[in-house]
């Protein structure tokens, strides 16, 4: 089994990465492989709703070769679970991960269906709950079981060293990693026992115009 850790910070080894690494430690302890995707500091354009991901590229963004969107989609197809992390910017997610996930989930939400997801945020002081709620909307859109911990999934600190002093936050991350591992093992056991995925209805889209 393999879990993808998505670092939505421009800093490769910053506070968000510190939290993700604490989750990774527990996943690896349970024998689960991990792979990282770092958003980085490059420009990530927002979705323009051109629909070409459905009409032309069929599951890929037509602009996604430029900024990592299609790379993330490709990684998602081979992974069994996900941990999405972001710093808090003005009580919201970073602009880069917002643009990235908007396009990834719009172009290829099927790559994530029924795969567990955990979300976490890192902040200096406040705005964390609002950002976490925003991040949780992506797995909720893609039929993904959402993994919880023992409290809201967040760490506090302005530097990685300060995050390491947030003992409760680190414990929350470790619990999150163990819970993710447990759920993945349950899903694997269910597959071996012949439990199939839920039946999917043909999607109905209602536009609220009368």
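In the numbering used here, the protein residues as written are 1461 to 1670. Even for Gly, the Cβ is constructed at its ideal location relative to N, Cα and C.
Leaving out five residues before and five after residue i in sequence, what residues of the same chain have Cβ atoms less than 7 Å from its Cβ?
{"i": "residue 1644", "result": "1461, 1492, 1540, 1541, 1576"}
{"i": "residue 1589", "result": "1612"}
With burial defined as no fewer than 16 other Cβ atoms inside 10 Å of the residue's Cβ, what is the status of residue i: buried or exposed?
{"i": "residue 1405", "result": "The structure shown does not extend to residue 1405, since the chain spans only 1461 to 1670, so no value can be given for it."}
{"i": "residue 1583", "result": "buried"}
{"i": "residue 1657", "result": "exposed"}
{"i": "residue 1627", "result": "exposed"}
{"i": "residue 1514", "result": "exposed"}
{"i": "residue 1669", "result": "exposed"}
Relative to the alpha-carbon of residue i, which residue among the options has its alpha-carbon at the smallest distance?
{"i": "residue 1574", "options": "1583, 1558, 1564, 1600", "result": "1600"}
{"i": "residue 1586", "options": "1563, 1614, 1559, 1594", "result": "1614"}
{"i": "residue 1495", "options": "1485, 1502, 1503", "result": "1485"}
{"i": "residue 1661", "options": "1603, 1538, 1633", "result": "1603"}
{"i": "residue 1488", "options": "1465, 1508, 1506, 1514", "result": "1465"}
{"i": "residue 1565", "options": "1554, 1640, 1646, 1519", "result": "1519"}
{"i": "residue 1510", "options": "1567, 1482, 1501, 1650", "result": "1567"}
{"i": "residue 1413", "options": "1647, 1501, 1508, 1490", "result": "Residue 1413 is absent from the model: the chain starts at 1461 and stops at 1670."}
{"i": "residue 1663", "options": "1578, 1570, 1646", "result": "1570"}
{"i": "residue 1463", "options": "1653, 1641, 1471", "result": "1641"}
{"i": "residue 1557", "options": "1616, 1476, 1537", "result": "1476"}
{"i": "residue 1632", "options": "1594, 1501, 1478", "result": "1478"}
Kindly indicate which three-state DSSP category residue i falls into: helix, strand or coil?
{"i": "residue 1547", "result": "strand"}
{"i": "residue 1640", "result": "helix"}
{"i": "residue 1541", "result": "strand"}
{"i": "residue 1529", "result": "helix"}
{"i": "residue 1494", "result": "strand"}
{"i": "residue 1582", "result": "strand"}
{"i": "residue 1590", "result": "helix"}
{"i": "residue 1614", "result": "strand"}
{"i": "residue 1481", "result": "helix"}
{"i": "residue 1623", "result": "helix"}
Residues in the same chain with beta-carbon distance under 6 Å from residue i, minus the five sequence neighbours each way, listed in chain order, please.
{"i": "residue 1635", "result": "1609, 1610"}
{"i": "residue 1581", "result": "1546, 1548, 1588, 1591, 1592, 1614"}
{"i": "residue 1554", "result": "1468, 1546, 1547"}
{"i": "residue 1524", "result": "1530"}
Between residue i and residue j, how many whole angstroms is the CB-CB distance? I'm expecting something under 8 Å.
{"i": "residue 1543", "j": "residue 1480", "result": "6 Å"}
{"i": "residue 1535", "j": "residue 1497", "result": "6 Å"}
{"i": "residue 1483", "j": "residue 1629", "result": "Residue 1483 to residue 1629, Cβ: 11 Å. No contact."}
{"i": "residue 1596", "j": "residue 1607", "result": "About 11 Å separates the two Cβ atoms, so there is no contact after all."}
Starting from the C-beta of residue i, find all residues in its chain whose C-beta is less than 8 Å away, skip the five residues before and the five after it, and write them out in chain order.
{"i": "residue 1560", "result": "1468, 1499, 1504, 1527, 1528, 1529, 1532"}
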